[in-house]
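Reviewing the structure listed below.
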Amino acid sequence: MTTTTLPAYDDVVARYEPVIGLETHVELGTNTKMFCGCPTDFGGEPNTRVCPVCLGLPGSLPVANKAAIEATIRIGLALNCSIASWCRFARKNYFYPDMPKNFQISQYDEPLCVDGYLDVEVGGELVRIGIERVHLEEDTGKTLHVGGATGRIHGATESLVDYNRAGIPLVEIVTKPVPGTGALAPEVARAYVTELRDVIRSLGVSDVRMEEGSLRCDVNTSLNRPGQQWGTRTETKNVNSLRSVERAVRSEMLRQASVLDAGGRITQETRHFHEDTGDTTPGRSKETATDYRYFPEPDLVPLAPDAAWVAELKAALPELPRLYRRRLQLQWGLSDADMQSVLNAGAVELIEATVAAGATPAAARKWWLGELSRRANETGVELADVGATPHQVAELQGLVDAGKLNDKLARTVLEGVVAGEGSPTEIMTNKGLEVVSDTGALTAAVDEAIAANPDIAEKIRSGKVAAAGALVGAVMKTTRGQADAKTVRELILSRLA
Amino acid sequence: MQQDSQKGALMAAISREEVAHLARLSRLAVTEEELDTFAGQLDTILQAVAQVGEVAAADIPPTSHSVPLTNVLREDVVVPGLTPAEALSGAPDAEEQRFRVPRILDEDVAS
């Protein structure tokens with residue numbers, strides 16, 4: 000890389016206007032591949048999910064997967080697209096062993112869905128991102144480069160190919176160019192991919208996990224001087240997390256500004272994002288390489304989704320994430336900031352389910368954002384995988400509401416739940432953690448504490464009520480925390496009144 | 000290209016440069032002499048095919064498929080495929096249950 004010092008970001012956005020565009024690939028969660036009946040499950044031994052069709056053996060014929068077509072139409076509808084009444088698949092010819100046929104079946108000038116939009120929220124503002132097209136294609140196999148530095152193509156002498164992934168249905172979603180976002184461009188890019196992920200997840204058509212590669216993102220960036228025409232764009236690949244989407248745009252804006260400042264020109268090229276350094280390095284230059292010689296796939300007949308089918312799919316769309324979040328925020332009576340912290344914690348569905356299981360929104364939020372979030376952070380797992388279910392949290396809160404657990408005991412019980420020791424009620428009973436509600440036993444403990452601390456008792460008698468805290472502490476100690484502090488305090492004050 | 004061919008035999012349907020470009024894309028090693036030969040032969044073929052364009056009237060829509068069918072779809076049901084041994088049986092070379100091929104440089108994956 001160059002050793003040129005990059006300009007300051009604020010300075011860059013004061014002098015240049017960015018235009019971004021995003022190309023997202025989503026692996027569909029169908030049972031079988033796009034054009035054959037091979038299973039799609041993740042992580043099998045190499046070449047165990049292959050057949051003559053996805054290996055491109057002579058004489059084999061592809062047949063399109065109805066579920067994949069349906070999923071793509073649903074994605075298009077959720078993104079406010081028009082659905083083509085007639086379209087075709089096309090062959091994209093290229094020379095690389097990740098597709099054994101020497102071409103990929105894709106769509107070219109006749110995508111299944113066109114001209115939609117997705118609204119995303121950035122800093123409380125709504126930004127409408129235009130969707131150019133949504134089309135369907137097949138995923139490629141995985142190549143492993145050997146003979147040189149492992150996994151790197153440079154220096155490698157051989158490639159080993161596993162075709163398990165080849166032929167898995169892949170939906171490509173391309174935005175229109177997005178101008179006018181200025182300094183917010185990196186955040187807008189991230190917000191778009193986040194929202195798109197949530198929309199697709201709500202449709203239940205993909206698990207959209209960036210770390211597992213079922214959602215992959217390429218980011219286009221260009222800069223221009225205010226009032227001038229758009230600059231030459233670069234396409235950054237290998238952007239594998241939401242955070243990286245933001246970093247990639249930002250880093251590319253800084254790099255391009257430093258090139259332009261020095262009087263240089265931006266080359267239209269593919270660049271690779273590096274997670275460790277947060278910068279991009281050049282890949283293939285587009286000017287020399289792209290000639291895919293697309294032509295209509297002769298082995299597949301055209302696709303003509305009839306209006307009734309599309310209408311039926313549209314009617315069955317679920318509530319989309321932005322509306323869903325807005326509805327819950329209103330139901331729970333949360334401020335924008337509070338809702339944002341719920342979203343950041345990934346707790347929306349968990350809280351919703353906990354409320355459905357009987358807890359109040361406030362109590363559900365307290366447990367998921369407090370104790371359980373802390374625990375998830377410590378152990379480095381997603382909140383949903385922390386070990387407690389919404390039902391268990393609601394049950395725990397029920398025990399608190401019934402006066403059987405105080406806050407401290409409830410936290411001890413929750414630890415047991417997370418450790419897989421059983422339901423809150425079982426843990427409470429088995430470990431004898433229930434609040435001491437027997438007033439006789441409590442009164443005895445209170446009297447004992449008063450007798451052991453005559454000077455404190457005297458203070459309270461003379462009106463220094465604040466001193467009661469020390470006695471409450473003593474009682475909590477003898478009851479091993481299994482008393483309700485408020486009850487204990489009332490009891491002490493009444494004995495010393 | 001189609002337009003060119005309609006202008007008749009004077010204009011070549013495919014140029015020597017286009018043939019060289021296609022050969023490179025197809026990773027075919029073609030000599031200078033072969034380029035002359037193939038450019039001529041391909042041109043003859045394309046001119047012959049272009050005659051179809053002369054009879055195609057404006058009211059005949061272009062078509063990519065010979066059968067008037069749409070929506071041939073399959074249900075999303077798993078069908079047993081090949082074992083790894085069967086899959087690799089036709090491969091020139093294999094390693095770690097994977098197809099082994101010479102490395103390809105300066106190319107990118109499709110999607």
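Protein chains in written order, with numbering that gives the first Met the number 0: chain A, 0 to 496; chain B, 0 to 110.
Don't be surprised by glycine CBs; every beta carbon is placed ideally from N, CA and C.
Just so it is clear, the structure is predicted and the values come from calculations on it, not from any experiment.
| request: Could you check what DSSP says for A93/B in three-state terms: helix, strand or coil? | output: Three-state result, A93/B: strand.
| query | Is the stretch 23-43 of chain A touching the stretch 229-243 of chain A in the sense that three or more CB pairs, one from each, lie closer than 8 Å? | reply | No, the stretch 229-243 of chain A is not in contact with the stretch 23-43 of chain A.
| query | Would you say R132/A reaches chain B, if we count a Cβ-Cβ gap shorter than 9 Å as a contact? | reply | no
| query | Counting only beta-carbon atoms, is T486/A nearer than 9 Å to chain B? | reply | no
| In whole angstroms, what separates the C-alpha of P168/A from that of P297/A? | 19 Å
| request: On the DSSP bridge assignment, give the partners of F94/A in chain order. | output: Its beta-bridge partners do not exist; DSSP assigns none.
| The alpha helix (DSSP H) spanning L259/A covers which residue range? | L241 to D260
| said: So the candidates are N223/A, G55/A and N79/A; which of them puts its Cα closest to the Cα of A86/B? | reply: G55/A
| Through-space distance from N343/A to G386/A, alpha-carbon basis | 19 Å
| task | Would you list the residues sitting across from R215/A in a DSSP beta bridge? | result | H24/A
| said: With H, G and I counted as helix, E and B as strand and the rest as coil, what does DSSP make of F37/B? | reply: helix
| request: Identify the contact partners of H144/A in chain B, using a Cβ-Cβ distance below 7 Å as the criterion. | output: R102
| task | Name the two residues that bound the continuous beta strand (DSSP E) containing V497/A. | result | The structure shown does not extend to residue 497/A, since chain A is modelled only from 0 to 496, so the question has no answer here.
| request: Quick one: using the 10 Å Cβ neighbour count with 16 as the cut-off for buried, is Q561/A buried or exposed? | output: Residue 561/A falls outside the range modelled here, since chain A spans only 0 to 496, and no answer is possible.
| With a cut-off of 9 Å, does the C-beta of G52/B fall near any C-beta of chain A? | Chain A contact via Cβ: absent.
| field | Nearest-angstrom Cβ-Cβ length linking L299/A and P96/A, presumed shorter than 8 Å | value | So it is not a contact: roughly 23 Å between Cβ atoms.
| field | Segment limits, alpha helix (DSSP H) that includes P317/A | value | According to the DSSP assignment, P317/A belongs to no alpha helix (DSSP H), since it is labelled neither H nor E.
| message | DSSP three-state label for K463/A, please. | response | Under the three-state reduction of DSSP, K463/A is assigned to coil, being neither helix nor strand.
| field | DSSP beta-bridge partners of P101/B | value | E157/A
| said: Could you compute how far the alpha carbon of I82/A sits from the alpha carbon of R249/A? | reply: Roughly 34 Å between the two C-alpha positions.
| query | Exposed or buried, S84/A, counting other C-beta atoms within 10 Å across all chains shown (16 or more means buried)? | reply | Counting C-beta atoms within 10 angstroms of its own C-beta, S84/A has fewer than 16 neighbours from the protein chains shown and is therefore classed as exposed.
| Cβ atoms of E171/A and K136/A: under 9 Å apart, would you say? | The identity of residue 136/A in the sequence shown is Glu, whereas the question assumes Lys. Less than 9 Å divides the Cβ of E136/A from the Cβ of E171/A.
| said: Measuring only the C-alpha atoms, how far is V49/A from A47/B? | reply: 41 Å
| said: Once the 5 residues before and after A393/A are set aside, which same chain residues still bring their CB inside 6 Å of it? | reply: T353, A356, G357 and A358
| message | Within 10 Å of its beta-carbon, does L78/A have 16 or more other beta-carbons around it, so buried, or fewer, so exposed? | response | buried
| request: Keeping to the same chain, check which residues put their C-beta closer than 7 Å to that of P281/A; ignore five residues upstream and five downstream. | output: E268 and R270
| query | Name the chain B residues that come within less than 8 Å of D406/A, Cβ to Cβ? | reply | Per Cβ cutoff of 8 Å: no residues; D406/A is ~50 Å from chain B at best.
| For P295/A, which of helix, strand or coil comes out of DSSP? | strand
| task | Could you tell me which chain A residues have their CB closer than 9 Å to the CB of R99/B, listed as they occur along the chain? | result | V145, E157, S158, L159 and V160
| Is it buried or exposed for K6/B, if we count other Cβ within 10 angstroms and need 16 for buried? | Because the pLDDT of K6/B is 44, which lies under 50, any placement of that residue in the model is unreliable, and the question is left without a value.
| Reference P301/A, options L24/B, I59/B, A55/B and P67/B, closest by Cα | P67/B
| What number of angstroms, rounded off, separates the C-alpha of I19/A from the C-alpha of T142/A? | So the two alpha carbons sit approximately 30 Å from each other.
| message | I'd like to know whether the C-beta of E32/B is nearer than 9 Å to at least one C-beta of chain A. | response | no
| To the nearest angstrom, how far is it from the Cα of M13/A to the Cα of E381/A? | According to the sequence provided, residue 13/A is Ala. The question's Met does not apply to it. Between A13/A and E381/A, the C-alpha separation is close to 39 Å.
| field | Cross-chain neighbours of V300/A in chain B, by beta carbon under 8 Å | value | H64, V66, L68, T69, N70 and V71
| request: Could you work out which residues of chain B lie near R292/A, taking near to mean beta carbons separated by less than 9 Å? | output: L21 and L24
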